[in-house]
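Student: In numbering that gives the first Met the number 0, the protein residues as written are 0 to 379.
All C-beta atoms in this analysis are idealised placements derived from N, C-alpha and C, irrespective of residue type, glycine included.
One structure coming up, written as C-alpha cells, with questions to follow.
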Amino acid sequence: MKRRLFTPGPTPLPEEVRLSQAREIIHHRTGEFKRILEEVEERLKYVFRTDNEVLLFTSSGTGAMEAAVANLFSPGDEVLVVRGGKFGERWAEIAQAFGMKAVPLDIGWGRALDPAKVGNKIQKRPKIKAVLTQLVETSTGTLYDIEALGKILSETGAVLVVDAISGLCAQPLCTDGWGVDVVIASSQKALVTPPGLAFITISEKAWKLVENSTSPKYYWDFKKARNDLAKLQTPYTPAISLVVALRDSLRLIEKEGLEKVAKRHSRLAQATRKAVLAINLEILGDSPSNVLTSVVLPSKINGEKLRELMQARFGVQVAGGQGSLSGKIIRIAHLGWMDASDIIVVISALEMSLLELGYPVQLGRGLKAAQEILGGRRLS
Ligand SMILES: *Cc1c(COP(=O)(O)O)cnc(C)c1O
Numbered sequence: 000m001k002r003r004l005f006t007p008g009p010t011p012l013p014e015e016v017r018l019s020q021a022r023e024i025i026h027h028r029t030g031e032f033k034r035i036l037e038e039v040e041e042r043l044k045y046v047f048r049t050d051n052e053v054l055l056f057t058s059s060g061t062g063a064m065e066a067a068v069a070n071l072f073s074p075g076d077e078v079l080v081v082r083g084g085k086f087g088e089r090w091a092e093i094a095q096a097f098g099m100k101a102v103p104l105d106i107g108w109g110r111a112l113d114p115a116k117v118g119n120k121i122q123k124r125p126k127i128k129a130v131l132t133q134l135v136e137t138s139t140g141t142l143y144d145i146e147a148l149g150k151i152l153s154e155t156g157a158v159l160v161v162d163a164i165s166g167l168c169a170q171p172l173c174t175d176g177w178g179v180d181v182v183i184a185s186s187q188k189a190l191v192t193p194p195g196l197a198f199i200t201i202s203e204k205a206w207k208l209v210e211n212s213t214s215p216k217y218y219w220d221f222k223k224a225r226n227d228l229a230k231l232q233t234p235y236t237p238a239i240s241l242v243v244a245l246r247d248s249l250r251l252i253e254k255e256g257l258e259k260v261a262k263r264h265s266r267l268a269q270a271t272r273k274a275v276l277a278i279n280l281e282i283l284g285d286s287p288s289n290v291l292t293s294v295v296l297p298s299k300i301n302g303e304k305l306r307e308l309m310q311a312r313f314g315v316q317v318a319g320g321q322g323s324l325s326g327k328i329i330r331i332a333h334l335g336w337m338d339a340s341d342i343i344v345v346i347s348a349l350e351m352s353l354l355e356l357g358y359p360v361q362l363g364r365g366l367k368a369a370q371e372i373l374g375g376r377r378l379s
C-alpha cells in the first residue's frame with residue numbers, strides 16, 4: 000500500500016530531495032561543503048525574510064527552542080509564555096528547566112491570541128525580558144497574529160521569540176519587516192526535508208541578551224555558531240546529507256516562490272475546511288491556519304479508531320489530538336509538498352472511514368466542497 004502522510008511533521012518529500020539522500024557522503028571541512036553551506040544560508044535568509052544570519056543546528060525543532068532559552072536568558076529572568084496548546088506549554092517547561100520564571104498567558108487551546116493583552120502584561124511587568132510564542136500552535140492548528148505582536152513589542156524592551164517550526168513557508172512571515180527578534184524552524188515541516196535540522200535567526204536586539212546570558216551551554220552556543228558560520232563552517236559535524244537535501248528543497252521553494260508557496264497552502268487549507276464543514280463536522284478554534292485542520296469529532300466517533308482505519312484502509316496517515324484533545328479530534332495537515340490531489344485523497348478517505356464507523360456521511364459531499372475551491376471551474 001502507498002503511504003500518504005498528512006501529519007504536521009514529518010511531511011512528504013519531493014523526489015529530488017529523496018534522491019539527494021542517496022549521494023555519497025562528503026566531508027564537511029572542504030570547499031565543496033562550504034559552497035553548499037553558503038547556498039543554504041542565502042536561501043534560508045530568503046525563506047526567513049531576514050538579513051541576519053540563520054544559524055543551523057543538528058537537532059529536531061525542540062533543540063532550537065532549548066538553545067534559544069539557554070542563549071538568550073539567565074536563571075531568574077522573567078519571560079512571558081503564550082500558552083494555547085502543547086507547544087506553548089513546551090516553552091514554559093524549557094524556560095523552567097533552565098531556571099527562568101515563566102509567566103504564563105493562558106489563552107485557551109484553539110483560541111486566537113489577542114496581541115494587546117500581551118502588550119498590557121508587558122507594561123504591568125517591565126521586568127519581562129521576552130515573549131515566547133508560536134506562529135502556528137500545531138497542537139490545535141491555530142494561527143497567531145505575529146505581525147501585530149511584533150509592532151507592539153518593538154516599542155518595548157522585550158524581545159519577541161517565535162517558534163515558527165510548523166508555520167514557516169506555510170504562512171506569510173516577515174522576520175525583519177514585522178520586528179520579530181528570534182525565529183525558529185526545523186527541516187521536517189514545510190521545508191520538506193527529513194527530520195534532523197533546526198534553524199534560528201537572531202536580531203541585534205536579541206544578540207544583546209545573548210551577550211549577557213549566564214546560562215550553561217556548550218553544543219548550542221550561538222556565539223560559537225555565528226563565528227563559525229562567518230567562515231562557512233559549523234562548530235561540530237553537521238548532518239551533512241540533510242544539509243544537501245535541504246539545499247535541494249530550498250531550491251524547489253525558491254523556484255515556486257515564497258509567496259506562491261504560502262498561497263498554495265492557503266488554498267489547500269480552505270478546501271479542507273470547506274469539505275469538513277460540508278460533512279457536518281466542526282473545526283476547532285477561531286483562528287485556523289494554513290498548516291493543518293483540526294476536525295472536532297462527534298462524541299460517538301473515537302479519533303484513534305478513525306485514524307487507524309484511515310491508515311489501514313487507505314494508507315492515509317493523519318495526526319490525532321494531544322493532551323485533553325486526545326481521541327476527540329483528528330488533525331489533517333496540508334503542509335509542505337502537497338497539492339489539490341492530496342486534499343481529494345484525504346477527504347475521500349475521511350468520508351469513507353466515517354461511514355464505516357457509523358457516522359451518517361453522504362459520500363462525496365465533502366469532496367464536492369473541496370473540488371469547488373480547488374478548481375474544476377467550467378471553462379466557457
Ligand atoms: C513540530 C513542532 C515543534 C518541534 O517538534 P520536534 O519534534 O522537536 O521537531 C515545535 N513547535 C511546533 C509549533 C511544532 O509544530
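On the CB-based measure, 16 or more other CB atoms within 10 Å of its CB, does S185 come out buried or exposed?
Tutor: buried
Student: Counting along the chain, where does the beta strand (DSSP E) carrying P103 start and finish?
Tutor: 100-105
Student: Between which two residues does the beta strand (DSSP E) harbouring E77 extend?
Tutor: Following the DSSP letters along the chain, one finds E77 inside the beta strand (DSSP E) bounded by residues 77-82.
Student: Can you tell me which residues fall inside 7 angstroms of ligand 1, judged by beta-carbon distance to its nearest heavy atom, and keep chain order?
Tutor: P7, G8, S59, G60, T61, G62, M64, F86, R89, Q133, V135, E136, T137, D162, I164, S165, S185, Q187, K188, P194
Student: By a C-beta neighbour count over all protein chains shown, 10 Å radius and 16 as the cutoff for buried, is G357 buried or exposed?
Tutor: exposed
Student: Since R250 is in the alpha helix (DSSP H), which residue starts that stretch and which ends it?
Tutor: 239-255
Student: Note down, in chain order, each residue of its chain lying with its Cβ closer than 7 angstroms to the Cβ of A244, except the 5 sequence neighbours on either side.
Tutor: V16, S19, Q20, T192, P193
Student: In the DSSP assignment, find the beta strand (DSSP E) that holds R3 and state where it starts and stops.
Tutor: 3-5 is the span of the beta strand (DSSP E), which, as asked, contains R3.
Student: Does DSSP put S97 in a helix, a strand or coil?
Tutor: The sequence shown places Phe at residue 97, not Ser. Coil at F97, not helix or strand.
Student: Taking a contact to mean a Cβ-Cβ separation below 9 angstroms, would you say L172 touches R266 in this structure?
Tutor: no
Student: Under 8 angstroms, with one C-beta from each stretch per pair, do the segment 272-281 and the segment 351-366 reach the 3-pair mark?
Tutor: yes
Student: Out of curiosity, what's the CA-to-CA distance linking V263 and M337?
Tutor: The residue you asked about is not Val; residue 263 is Arg in the sequence shown. If you take the alpha carbons of R263 and M337, they lie about 9 angstroms apart.
Student: For V161, does the three-state DSSP call read helix, strand or coil?
Tutor: Reduced to three states, the DSSP call for V161 is strand.
Student: Need the endpoints of the alpha helix (DSSP H) that R312 sits in, please.
Tutor: 302-313
Student: L159 and V135: beta carbons closer than 9 angstroms?
Tutor: no
Student: To which residues of the same chain is R110 closer than 8 angstroms at the C-beta, ignoring the five residues directly before and after it?
Tutor: G83, T141, G284, D285, S286
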